[in-house]
Amino acid sequence: MASTPNLAITSQRVITPQEERAAAILIRGEKILDIISISEIPTDCPVEDMGNNVVMPGLVDTHVHINEPGRTDWEGFETATKAAAAGGITTLVDMPLNCIPVTTTVDALNQKIVATQNQLWIDCGFYGGLIPDNIQDIEPLADAGVLGFKAFLSPSGIDEFPNILESHLREALPVLSKKGIPILVHAELENGTTQSKEQKTYKSFQDSRPKSWENNAIKLLIQLSKEFDARIHIVHLSSADILSDIAQTRNDGYPISVETCPHYLHFASENISDGDTRFKCAPPIWEGENRENLWRGLEKGMINFITSDHSPCTPELKNMKAGNFEKAWGGISSIQFTLPVIWTECKARGFSIDQLINWMSTAPAIFIGKDQQKGQISPGYDADLVCWNPDEKYIIQKKAIHHKNKLTPYEGESLYGVVNTTFLRGQKVYENGEFLGNPTGKIILKNNG
21 MASTPNLAIT SQRVITPQEE RAAAILIRGE KILDIISISE IPTDCPVEDM
71 GNNVVMPGLV DTHVHINEPG RTDWEGFETA TKAAAAGGIT TLVDMPLNCI
121 PVTTTVDALN QKIVATQNQL WIDCGFYGGL IPDNIQDIEP LADAGVLGFK
171 AFLSPSGIDE FPNILESHLR EALPVLSKKG IPILVHAELE NGTTQSKEQK
221 TYKSFQDSRP KSWENNAIKL LIQLSKEFDA RIHIVHLSSA DILSDIAQTR
271 NDGYPISVET CPHYLHFASE NISDGDTRFK CAPPIWEGEN RENLWRGLEK
321 GMINFITSDH SPCTPELKNM KAGNFEKAWG GISSIQFTLP VIWTECKARG
371 FSIDQLINWM STAPAIFIGK DQQKGQISPG YDADLVCWNP DEKYIIQKKA
421 IHHKNKLTPY EGESLYGVVN TTFLRGQKVY ENGEFLGNPT GKIILKNNG
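Heads up, the sequence shown is in the working numbering, so the first residue is 21 and it goes up one at a time.
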């Protein structure tokens with residue numbers, strides 16, 4: 021063996037791109053050195069035996085709102101990355117809004133990077149923001165290493181992050197294409213829908229943001245994708261009605277991509293109680309039939325991957341006491357639970373762990389351009405691993421939640437899939453409810469790693 025491993029992680033269920041088998045993952049420093057038979061482990065190599073737990077690549081979550089600096093009463097780098105590690109996530113990408121300042125300049129990006137110091141329990145990248153008056157900041161932010169740009173076609177809810185118009189996209193897309201990085205778009209176009217007088221039912225919230233908002237926005241993005249041949253990515257798809265249009269655009273060779281989220285794949289709007297504003301998110305959650313069509317979209321490759329869209333706030337902003345959906349902040353806290361939520365739904369539909377890995381590790385790593393470093397168990401890759409029991413069932417309890425504000429619609433859900441251990445670049449950072457050592461997460465920029 022050309023190099024000597026300093027750790028072997030063994031399991032009866034190691035999942036590589038080629039197969040699932042009993043194996044030893046040899047690690048040297050931060051990288052995977054080799055995958056060998058357990059009997060071939062060098063005699064002087066320390067061993068961490070995961071027994072019958074599944075050992076697979078750590079999850080890559082490309083849509084997270086951490087809100088630091090600025091709104092650290094909502095969330096922060098320490099609590100968000102701890103919750104992520106507890107959920108088997110080893111890489112995340114932070115969104116450019118809800119923090120103060122918003123990440124629309126290089127100076128703001130640098131402030132965010134400073135804020136991460138000694139707080140990251142997993143690796144973290146960043147998106148820049150595209151707003152009406154910062155077209156001139158696209159190239160500097162791209163050169164500084166952001167992994168993409170986020171924009172809204174409808175109001176974001178944050179005054180300092182206003183939505184853009186089609187004209188702004190037309191101005192920005194040639195620059196983004198030149199830089200080879202994607203624009204991630206919140207795809208809703210308002211059409212003058214009026215707010216219902218009844219504001220405590222989920223149906224009233226759906227009526228205030230109908231599927232047509234999302235469908236029409238995506239039709240515009242498809243048109244622009246064809247016109248500019250630009251990497252346009254649709255975030256948090258909720259409406260399955262538009263999937264065939266997206267699939268046809270991709271089949272025609274245009275680089276449009278799409279993600280969806282656990283709340284759209286797990287919940288159904290007909291089961292949401294009146295006044296339960298924990299479920300408010302934009303776009304809304306839809307009916308069970310729509311949920312099943314999203315799963316079919318994943319199965320057929322129409323949807324590229326799954327992200328958490330972890331979007332926390334303080335309990336007061338959720339307006340739970342009044343139960344008013346119009347006044348409540350939109351967003352669902354979920355980063356710790358994406359793996360068990362998605363696995364529970366996969367298990368119910370006969371989908372495999374290999375498919376889950378593609379949707380939650382491999383494909384998102386490809387999207388952010390880190391597919392030679394993250395997203396699979398192969399020699400030369402970062403030793404980012406999650407070790408979990410897919411057959412163990414548990415109920416989410418508030419006391420076990422690690423993100424800052426514990427209000428989440430997942431509390432009380434009974435799920436399959438318990439994360440026991442998480443390794444970040446060969447170092448054990450989480451085990452059985454405890455965080456080990458010190459935070460050693462790294463900043464991921466476009467041109468590093």
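From the three backbone atoms N, C-alpha and C, an ideal C-beta is built for every residue, glycine too.
Nearest-angstrom Cα separation, counted from residue j out to residue i
i, j, result
"Asp143", "Thr101", "8 Å"
"Asn87", "Ser264", "35 Å"
"Ile133", "Asn310", "39 Å"
"Met546", "Pro62", "For residue 546 there is no data in the structure shown, the boundaries of the chain being 21 and 469."
"Tyr284", "Leu314", "8 Å"
"Arg369", "Val195", "42 Å"
"Gln226", "Ile305", "8 Å"
"Lys239", "Gly457", "48 Å"
"Asn236", "Ser331", "24 Å"
"Pro152", "Val449", "41 Å"
"Glu336", "Thr428", "13 Å"
"Ile252", "Lys223", "30 Å"
"Thr442", "Phe287", "27 Å"
"Phe371", "Lys390", "25 Å"
"Ile352", "Asn425", "11 Å"
"Ser59", "Met70", "15 Å"
"Val361", "Ile109", "14 Å"
"Gly308", "Gln156", "44 Å"
"Asn72", "Asp81", "25 Å"
"Leu465", "Ile388", "10 Å"
Residues near residue i by beta carbon distance below 8 Å, same chain, minus five either side
i, result
"Lys246", "Thr269, Asp272 and Tyr274"
"Gly400", "Lys51, Ile52 and Gln392"
"Ile55", "Val34, Thr36, Ala43, Ala44, Ile45, Leu46, Ile397, Ser398 and Pro399"
"Ile158", "Gly148, Leu150, Phe169, Ala192, Val195, Leu196 and Lys199"
"Gly453", "Ala106 and Ala420"
Where the alpha helix (DSSP H) containing residue i begins and where it ends
i, result
"Arg316", "Gly308 to Glu319"
"Gln375", "Ile373 to Ile377"
"Pro384", "Ala383 to Phe387"
"Gln243", "Lys231 to Phe248"
"Cys366", "Thr358 to Arg369"
"Ser187", "Glu186 to Lys199"
"Ile254", "From DSSP, Ile254 is part of no alpha helix (DSSP H) but of the beta strand (DSSP E) over Ile252 to Ile254."
"Gln495", "Because the chain is modelled from 21 through 469, residue 495 falls outside the range shown and cannot be assessed."
Residues of its chain near residue i, where Cβ-Cβ distance is below 7 Å and the 5 sequence neighbours each way are ignored
i, result
"Glu50", "Asp402, Ala403, Arg445 and Gly446"
"Leu318", "Trp379"
"His422", "Thr99, Lys102, Ala103, Ala106 and Gln356"
"Pro410", "Val74, Trp363, Ile373, Tyr436 and Gly437"
"Asn118", "His85, Asn87, Arg91, Trp94 and Ile178"
"Thr280", "His256, Leu257, Leu314, Ile323 and Ile326"
"Tyr414", "Leu435 and Val438"
Residue i, enclosing beta strand (DSSP E) - first and last residue
i, result
"Pro410", "Leu405 to Ile415"
"Ala44", "Glu40 to Arg48"
"Val205", "Ile203 to His206"
"Lys448", "Gln447 to Glu451"
"Thr63", "Taken as a continuous stretch (DSSP letters only), Thr63 belongs to no beta strand (DSSP E), as it is neither H nor E."
"Lys51", "Lys51 to Ile56"
"Asp143", "Asp143 to Phe146"
"Ser434", "Ser434 to Leu444"
"Thr280", "Ile276 to Thr280"
Buried versus exposed call for residue i [16 or more other C-beta atoms within 10 Å across all chains shown]
i, result
"Ser7", "Outside the shown range of the chain (21 to 469) lies residue 7, about which nothing can therefore be said."
"Pro66", "exposed"
"Ser434", "exposed"
"Ile26", "Note that residue 26 corresponds to Asn in the displayed sequence, not to Ile. It is exposed - the Cβ of Asn26 has fewer than 16 other Cβ atoms within 10 Å."
"Leu112", "buried"
"Asp163", "exposed"
Beta-carbon contacts of residue i that lie in its chain and below 6 Å, excluding the five residues immediately before and after
i, result
"Ala267", "Met322"
"Gly350", "Lys300, Cys301 and Ala302"
"Ile416", "Tyr430, Glu431 and Glu433"
"His220", "One point to set straight first is that residue 220 is Lys, not His, in the sequence displayed. Cβ within range, chain order: Asp294, Gly295 and Gly343."
"Leu193", "Phe248 and Ala250"
"Glu412", "Val438"
"Glu234", "Ala207, Glu208, Ser259 and Pro303"
"Pro160", "Val126"
"Glu68", "Ile29"
Does the structure place the stretch 110 to 128 close enough to the stretch 176 to 186 that three or more beta carbon pairs sit under 8 Å? Judged by Cβ distances under 8 Å, the stretch 176 to 186 makes contact with the stretch 110 to 128, as three or more pairs qualify.
Stretch pair the stretch 204 to 211 + the stretch 320 to 331: three plus CB contacts closer than 8 Å: no
With three or more C-beta pairs closer than 8 Å as the rule, is the stretch 348 to 367 touching the stretch 249 to 259? no
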